[in-house]
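Below is one structure, written out as structure tokens, with a few remarks after it.
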Ligand SMILES: NC(=O)c1ccc[n+]([C@@H]2O[C@H](COP(=O)([O-])OP(=O)(O)OC[C@H]3O[C@@H](n4cnc5c(N)ncnc54)[C@H](O)[C@@H]3O)[C@@H](O)[C@H]2O)c1
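Numbering (the working numbering), first residue to last: 149 to 404.
Below is the structure:
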């Protein structure tokens, strides 16, 4: 079977970089996201650079969409080898000002979306009777509670827990489950977060980003490619003896 990787939220930011990198690693790529136009741009880029990609519209908060995305991928490419639960949202606000609706939205995408992805991928690997790899998006804020990131921290701690349980329960099917935990990575999400953080703390544009980056050992913001390099390892045979782990890629902000 050709190596086939499905990436949720693969149409922009970190997910797009993961899609390009896994294509360079020899995977056929299935990009799953909500925006048809953005999906098309990512798919076209890969197909114009010696890759083989297809895109499917899905909302990861709907289990039927996630299951259909797996079915579409299998129909198009003949199977599935790696499932990257990358889609995510964030909300920067002090704890006391987050509304129930905002909290639920973050948990719905980041936790329930990841849960649906794990189930859909694992059921496909079991049906195929092949080993498989599930790779989840965590965060540096899922390692330690982070001020103004209550919704994100809560959701990404949950992803870390799900990653560990899934690794233990799915090992008997030769499925490994790991997570990558980005720090401050320059993507559309990070730009929105920095804007909200500056506004929350009443400082000028860019001040909070500068402060956060200055706290890192490597003193720079991350690039999507920095994260994609870790995912490339987790998607490869080089990680076959690794499961249940959450790897931080943040230039040295978080230590545990
Ligand atoms: N950028 C960072 O600094 C950072 C830090 C920590 C963790 N992360 C995590 O990394 C992952 C990627 O982040 P990013 O910075 O590339 O974000 P981004 O906002 O740039 O991209 C997120 C992608 O997820 C998709 N998505 C969101 N909700 C969806 C839904 N309901 N159904 C389908 N797709 C949906 C978006 O359309 C988009 O393609 C996320 O899980 C995020 O929480 C990012």
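Just so it is clear, CB atoms sit at the ideal spot from N, CA and C, and this is done for glycine as well.
So which of the options has the shortest CA-CA distance to residue i?
i	options	result
residue 177	358, 154, 187 and 164	154
residue 264	386, 282 and 369	282
residue 339	160, 400, 383 and 222	160
residue 306	322, 330, 273 and 289	289
residue 198	169, 295 and 163	169
residue 230	313, 302, 167 and 309	167
residue 100	404, 371 and 400	With the chain covering only 149 through 404, there is no way to say anything about residue 100.
residue 388	315, 403 and 182	315
residue 269	245, 243, 216 and 244	216
residue 400	352, 205 and 360	360
residue 224	324, 402 and 204	204
Apart from the five residues on each side of it in sequence, which residues of its chain come closer than 6 Å, Cβ to Cβ, to residue i?
i	result
residue 195	201
residue 341	238 and 240
Does residue i pass the burial test, meaning 16 or more other C-beta atoms within 10 Å, or should it be called exposed?
i	result
residue 356	buried
residue 279	exposed
residue 362	exposed
residue 247	exposed
residue 406	As displayed, the chain neither begins before 149 nor continues past 404, which places residue 406 out of reach and without an answer.
residue 310	buried
residue 297	buried
residue 367	exposed
residue 239	buried
residue 351	exposed
residue 150	exposed
residue 243	exposed
Under 8 Å Cβ to Cβ from residue i, same chain only, skipping five residues before and after it: list those, please.
i	result
residue 237	253, 254, 257, 258 and 337
residue 261	156, 208, 209, 214, 233, 235 and 236
residue 373	165 and 169
residue 384	173
residue 378	328, 395 and 397
residue 343	353
Where do the ends of the beta strand (DSSP E) carrying residue i lie?
i	result
residue 324	323–330
residue 156	152–156
residue 232	230–233
residue 253	Careful: residue 253 lies outside any beta strand (DSSP E), inside the alpha helix (DSSP H) at 248–255.
residue 239	That residue, residue 239, is in no beta strand (DSSP E); it is neither H nor E in DSSP.
residue 365	Residue 365 -> no beta strand (DSSP E), and no H or E assigned at all.
I'd like to check one pair, residue j with residue i: are the Cβ atoms closer than 8 Å?
i	j	result
residue 241	residue 348	yes
residue 354	residue 276	no
residue 326	residue 393	yes
residue 334	residue 369	yes
residue 375	residue 162	yes
residue 274	residue 321	yes
residue 304	residue 286	yes
residue 409	residue 272	Given that the chain is displayed from residue 149 to residue 404, the structure contains no residue 409 and the question cannot be resolved.
residue 319	residue 391	yes
residue 206	residue 180	yes
Please confirm if residue i has its CB atom under 8 Å from at least one CB of chain D.
i	result
residue 344	Considering every chain present, this structure includes no chain D. It has just one protein chain.
Among residues of its own chain, excluding the 5 on either side of residue i, which ones have a beta-carbon nearer than 7 Å to its beta-carbon?
i	result
residue 301	289, 290, 293 and 294
residue 183	159
Provide the residue span of the alpha helix (DSSP H) that contains residue i, from first to last.
i	result
residue 309	298–318
residue 186	184–195
residue 162	161–172
residue 271	261–276
residue 340	336–348
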